[in-house]
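*Asks:* Quick one: the structure is below, and I'll ask about it shortly.
In structure tokens form, the structure reads like this:
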């Protein structure tokens, strides 16, 4: 096969990446893009490999389409014609190479790799699925465009095609520009080495060269490589404008390549690819009294670090060290671009004009220290190293082992509490114990007080030990964070916690802006900056929240709450936030992010990290820079971020139509088909070919305005670098939460920004229920405690609609018109289409019988009637409004007593729901026998 590949055409001495070949009616350029050596075996193996293997790999690597020399210390020069001959003399074939690679890979996995293992707490539950799948060589021949429409009014387009395949190479390549032509012909071929496990979507961007201004992007064709099978050679005609018969012709060829070893980890949605590390060192040779400042710039596109600089000869003590490290994907065509401070590169053909170098890293042998400069003033060395194989994140949709252990311990408390509450004669077996969860909604201080009242009532009914999970967002997280500072809070009288909360809610919040507090804020913000976090106003907001509800600084962290759940003595707390994206409304793009004392992670992707690593720097699932764990006050600021609402979010929450705005803010993408091909049923993992048309400048400005969020909380993105699995759309867990406009665009999903942008969940749906609906948690009964202002049915209606659209099992919610006008204190919903749906016990925030009764069955006296007047239906002009941060003692007690009464007065409904849940568990046990 190598001989056939070499025989395609003669080499060009002018361009080392270009050779010529005849294609029918014209001369074409064949460019090696994505891999300089498509069939070459790369020398990414351990140092103790034998010399023959080194020699073979180096000789194959030397084939770059030119006579370029290898710059190792023991450099040998080989021309293309000698490679096959030398291989034949040694009787080596690609099959034997493949066998040696597998053997060496086994040696690496047996412990001969240099590893930088993560924390033991992480490693003990990492389940890595290792694969060595085949690579394929994709050839893309851009032929021509017919009937190209003008981009400029005065002249035809100077058209070229830009190609981008980010899973194969982090750079872009392009054809030459054809000037003033409506039927440009290129016949240029490009190569990409693709990994079959990841979703490979090629972007063919049609552009108009517009020197000296920015080039115009006319349209982009998105082509899923999964439409091709190895051995296929197909010519596709992409309709760019059906009415004008504008067609782009491209020929694709997919060939199987000799297997290359790559260790992958995947959960069916995300893929962590094998990492390489490159160490760059710069040493000064001469020491002068007046050293000139020399700056070296190193760029490795697609790496974690991207661009780094090293300074030499600077007398300043603040000069950075003379070495740096890059983390990059081994098999994604990595190139190191070096800019020297002066003309010193011995590998440049024209030393008089060149002071830069591009180094293909695939040709570096692991562990070999290579010098890439030859100057009397300094040396520059690069060394390719292996990174550790073990991930520092958990790729999987199941709950973590620590949570599983918690549930086992918690069931002992739940079983005893249920036996007492339901007067059961026999003890419940573990598989007969239902999982019961409390779910709350946002509402500022109102929701904080209301949650105290609900939990107090459950404690009085001896039902608090029946609860396994408590889920919260925004204001209810203030209650949860306060409670879980006490490792045994649910086993103690809650009155002490409530008394402390009452004191802080009543105090004047202006005290939070005293000189002492402002000095403290400045000190903490500076320390957070030194810790390595990106600062925003949300950090200050978190410190203000801490001051509002605490006498002294609170340095607790989320991982500290493990002490409150490790024995199963309290319900497990779950905190919920949304990850949003710049220039997209929350309705268009949002991703659920959950936090427990054990882990933080995405529901949709099945990607979780130890919670103490949240905010640290990750790349491809590896912890590259650990930051100190963030204190809970900053988490409070993020979870209750009231400053991140965009104009489109406000329209959505106001129940206004967004259709008009979507016309201006959503990307224009349509599915296109090849008219020359017969209509065939498409495999579920194969995406249709799509045509993207960019918007105009006015549309971009309008989009920026209506989607702008004033402030978001930014934390390090632990999913950075991860790629999408080829079968991700078939994964039922991904489909369960597939609700954004980007889910069908894997290249967009692969564009993981450096920081997550986290915001309050209430700006989409005021609910904390999604984590409880994960099938792995197997929640049987949910107590829905609603504390929102305004319409009490709206959050439940929005959530029910969302779950129905996503196909998430959820009970049918039926409220009559009369119910909606006058909501009762409690509703039981236990009918559902799916047997996997939980039972829902819904408690709206209403003041109904509480007006006449101060306790269940105890009527109010005339002097006590005023205490029963709690206006929770209004959204403004009420002491219980969402924005109210200070309450009088009377109003605090009114709200606390109201929410407590509504639970106590519906004890029979709670017991009925618990009894139904136990019966269902027993039925499921019988059916499984």
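Residue numbers (the UniProt record's numbering): 1 to 929.
Built from N, CA and C at the ideal position, the CB exists for glycine as well.
All of these numbers come straight from a predicted model, not from anything done at the bench.
(1) Is residue 1000 buried or exposed, if buried means 16 or more other CB atoms sit within 10 Å of its CB?
(2) What first and last residue would you give for the alpha helix (DSSP H) that runs through residue 817?
(3) Check whether the Cβ atoms of residue 768 and residue 472 lie closer than 7 angstroms to each other.
(4) Under the three-state reduction of DSSP, which class applies to residue 67: helix, strand or coil?
(5) Can you name the start and end residues of the beta strand (DSSP E) that residue 335 belongs to?
(6) Using the Cβ count rule (16 or more neighbours within 10 Å means buried), how would you classify residue 229?
(7) Counting C-beta neighbours from all protein chains within 10 Å, is the total for residue 978 16 or more, i.e. buried, or is it exposed?
(8) What are the complete beta strand (DSSP E) segments, minimum 3 residues, inside the region 132 to 189?
(9) Considering only the alpha carbon of each residue, which of 333, 328, 914 lies closest to residue 620?
(10) Please state the DSSP three-state secondary structure of residue 276.
(11) Starting from residue 930, follow its DSSP beta bridges and name the residues at the other end.
(12) Express the C-alpha separation of residue 464 and residue 422 in angstroms, rounding to a whole number.
(13) Under a three-way DSSP split, which group does residue 328 fall into?
(14) Using alpha carbons as the reference points, say which of 711, 511, 824 lies closest to residue 909.
(15) Secondary structure at residue 95, three-state DSSP: helix, strand or coil?
(16) So, is residue 444 buried or exposed, given that buried needs 16 or more other C-beta atoms within 10 angstroms?
(17) Quick one: what does DSSP say residue 308 is sitting in, helix, strand or coil?
(18) Looking at residue 622 and residue 392, is the spacing between their C-beta atoms short of 7 angstroms?
(19) Any idea what DSSP makes of residue 683, helix, strand or coil?
(20) What is the residue span of the alpha helix (DSSP H) that residue 633 lies within?
(21) Any idea if residue 462 is buried or exposed, counting beta-carbon neighbours within 10 angstroms, 16 or more meaning buried?
(22) In this structure, how does DSSP classify residue 248 when only helix, strand and coil are distinguished?
(23) Which partner residues does residue 360 have in the DSSP bridge list?
(24) What span of residues does the alpha helix (DSSP H) with residue 497 cover, start to end?
(25) Can you name the residues that DSSP bridges to residue 913?
(26) Buried or exposed: residue 542, going by 16 or more other Cβ atoms within 10 Å of its Cβ?
(27) With distance defined between alpha-carbon atoms, name the residue in 147, 206, 170, 191 nearest to residue 182.
(28) CB-CB under 6 angstroms to residue 608, same chain, minus the five flanking residues each way: which ones, in chain order?
(29) What first and last residue would you give for the beta strand (DSSP E) that runs through residue 892?
(30) Quick one: is residue 838 near chain B, going by C-beta distance under 7 angstroms?
(31) Going by C-alpha distance, which of 604, 803, 898 is nearest residue 850?
(32) Can you list, in chain order, the residues of its chain with a C-beta nearer than 6 angstroms to that of residue 186? Leave out the 5 residues immediately preceding and following it.
(33) Do residue 398 and residue 751 have their C-beta atoms within less than 7 angstroms of each other?
(34) Residue 237 by DSSP, collapsed to three states: which one?
(35) Kindly list the residues whose CB is nearer than 6 angstroms to the CB of residue 759, restricted to its own chain and excluding five residues on each side of it in sequence; keep chain order.
(36) Going by alpha carbons, who is nearest to residue 774 out of 355, 808, 789?
*Replies:* Reading it off the structure:
(1) Residue 1000 falls outside the range modelled here, since the chain spans only 1 to 929, and no answer is possible.
(2) 817 to 821
(3) yes
(4) Residue placement at residue 67 is poorly supported in this model, since its pLDDT is 28, which falls under 50; the coordinates are not used for a value here.
(5) 335 to 339
(6) exposed
(7) Residue coverage of the chain in this structure runs from 1 to 929, which leaves residue 978 outside it and unanswerable.
(8) 135 to 146, 159 to 164
(9) 328
(10) strand
(11) Outside the displayed span of the chain (1 to 929) sits residue 930, for which this structure offers no information.
(12) 14 angstroms
(13) strand
(14) 824
(15) With a pLDDT of only 29 at residue 95, under 50, the local geometry of the prediction cannot be trusted, and the value read off the model is given with reservation. Helix.
(16) buried
(17) strand
(18) yes
(19) coil
(20) 632 to 639
(21) exposed
(22) strand
(23) 335
(24) 495 to 506
(25) None, per the DSSP bridge assignment.
(26) buried
(27) 147
(28) 394, 599, 601
(29) Run containing residue 892: none in the beta strand (DSSP E); it sits in the alpha helix (DSSP H), 889 to 904.
(30) Of the protein chains in this structure there is only one, and it is not chain B.
(31) 898
(32) 142, 175
(33) no
(34) strand
(35) 578, 580, 641, 644, 712
(36) 808
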